[in-house]
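Residue numbers (mature numbering (1 follows the signal peptide of the UniProt record, and there is no 0)): -19 to -1, 1 to 371. All residues carry an ideal CB built from backbone N, CA and C; glycine is no exception. Everything numeric in this text was worked out from a predicted model, so none of it was measured.
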């Protein structure tokens, strides 16, 4: 990346920090074009939730919150938030996508997924994946150590989910948990249920996977845009040593505000921030990008033989999944194309296909969390099924 671009990006980051952490009037608008002039705009307003953290949001909308910590087998200290329910109808573990954390499930306040599930009688547990601001500790490393960041969704699936489910069993005496994951949260669920299939069928009642990312064979234009953005994201991450200070609802909103002040060629960055920061990051999804197979990390021929006993990186054995699974995808999702979700569903065992594959057309990748119609299109139907069939 040229020196000019680096300096420009640093200046924009400094401006962004001011927008994020210093209240300055309206911070939410109804359309992208309204972000041109948010002050005094009747379509814009100030949302105090933008500066609240997950425990504060839970306290605001549910009135009660519990904070728990658990250490994974490989030493990562993970923080989980719980919204307990008296005489719950079930227990749900929610995993977020990469480059976000549990706060993303409170995008819409009282109508957000976590609150909707809790309000309908479920004991809700929210994971915060390793490396995020709530789960950035290790028993013998700091986040400034290179080795700390030597992980991907693979380790989250085989280590973190196991530890989280063990903690939930300990606190609730419930060994039949519903796993919910969006984007790479869904990927993590597939890793766990395929590589630890016997544990999964023992400790999971079912899985709800919303647009699980597996192959990321983007359309040409999307892949090209990604190749441009990845070096920028990598540069910023290397400066900060950790991307976590820039991750969250208020960061995304503020970033979009800034880019919408520029001319149309620059405005696309606002949209891309919503796509890429709420979907995935290059390092953690490297085995997936541009691949036609859902496979483990490819170390190269020689190292693959040492690690896997074979020259090729093995595929994740989706056929081993026995947990009844519901997959939800959308025709408008350009990050995780519907055909990818069809391929995943087709590889599941018959036992896992019990709840089918919901194919919808109204939502894009981020709309599942923040779209205006996600409550009617997804949440209401999902809540009904959870209370009856699932």
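Beta-carbon spacing of residue i, residue j below 8 Å
i           : j           : result
residue 110 : residue 163 : no
residue 165 : residue 79  : yes
residue 297 : residue 275 : yes
residue 354 : residue 344 : yes
residue 72  : residue 99  : no
residue 168 : residue 132 : no
residue 182 : residue 61  : no
residue 342 : residue 362 : no
residue 101 : residue 368 : yes
residue 74  : residue 160 : yes
residue 158 : residue 148 : no
residue 103 : residue 70  : yes
Residue i (DSSP reduced to helix, strand or coil)
i           : result
residue 41  : helix
residue 83  : helix
residue 9   : strand
residue 62  : strand
residue 46  : coil
residue 35  : helix
residue 364 : helix
residue 14  : helix
residue 347 : coil
residue 132 : coil
residue 2   : Only weak support exists for where residue 2 lies, its pLDDT of 48 falling under 50; the value from the coordinates is given anyway. DSSP places residue 2 in helix when its eight states are reduced to three.
residue 357 : helix
Length of the line joining the Cα atoms of residue i and residue j
i           : j           : result
residue 64  : residue 40  : 9 Å
residue 38  : residue 175 : 34 Å
residue 339 : residue 82  : 25 Å
residue 92  : residue 44  : 15 Å
residue 173 : residue 142 : 7 Å
residue 15  : residue 8   : 11 Å
residue 54  : residue 136 : 10 Å
residue 244 : residue 18  : Residue placement at residue 244 is poorly supported in this model, since its pLDDT is 44, which falls under 50; the coordinates are not used for a value here.
residue 320 : residue 23  : 41 Å
residue 140 : residue 118 : 15 Å
residue 191 : residue 315 : 14 Å
residue 48  : residue 10  : 32 Å
residue 144 : residue 89  : 29 Å
residue 52  : residue 97  : 29 Å
residue 21  : residue 28  : 15 Å
residue 129 : residue 279 : 20 Å
residue 66  : residue 277 : 38 Å
residue 188 : residue 86  : 17 Å
residue 32  : residue 285 : 45 Å
residue 124 : residue 291 : 32 Å
residue 329 : residue 195 : 13 Å
residue 300 : residue 121 : 37 Å
residue 358 : residue 94  : 13 Å
residue 356 : residue 180 : 32 Å
residue 333 : residue 308 : 10 Å
residue 295 : residue 311 : 28 Å
residue 68  : residue 171 : 29 Å
residue 57  : residue 337 : 34 Å
residue 113 : residue 84  : 11 Å
residue 30  : residue 42  : 11 Å
residue 287 : residue 331 : 34 Å
residue 306 : residue 289 : 28 Å
residue 293 : residue 283 : 9 Å
residue 281 : residue 317 : 26 Å
residue 366 : residue 335 : 13 Å
residue 177 : residue 34  : 33 Å
residue 350 : residue 193 : 14 Å
residue 12  : residue 25  : 9 Å
residue 352 : residue 360 : 11 Å
residue 127 : residue 364 : 42 Å
residue 116 : residue 324 : 32 Å
residue 50  : residue 138 : 17 Å
Which residues DSSP lists as bridging residue i, in chain order
i           : result
residue 72  : 104, 158
residue 77  : Looking at the DSSP assignment, residue 77 forms no beta bridge with any residue, so it has no partner.
residue 195 : Paired residues: none, contrary to the question.
residue 187 : 159
residue 52  : 58
residue 26  : 9
Minimum length 4: unbroken alpha helix (DSSP H) runs contained in the stretch 85 to 129: 94 to 100
- request: Counting only runs of 3+ residues fully inside the stretch 137 to 178, write out the beta strand (DSSP E) ranges in chain order.
  value: 158 to 163
- prompt: Can you list, in chain order, the stretches of the alpha helix (DSSP H) that have 4 or more residues and sit fully within the stretch 274 to 345?
  reply: 282 to 289, 319 to 328
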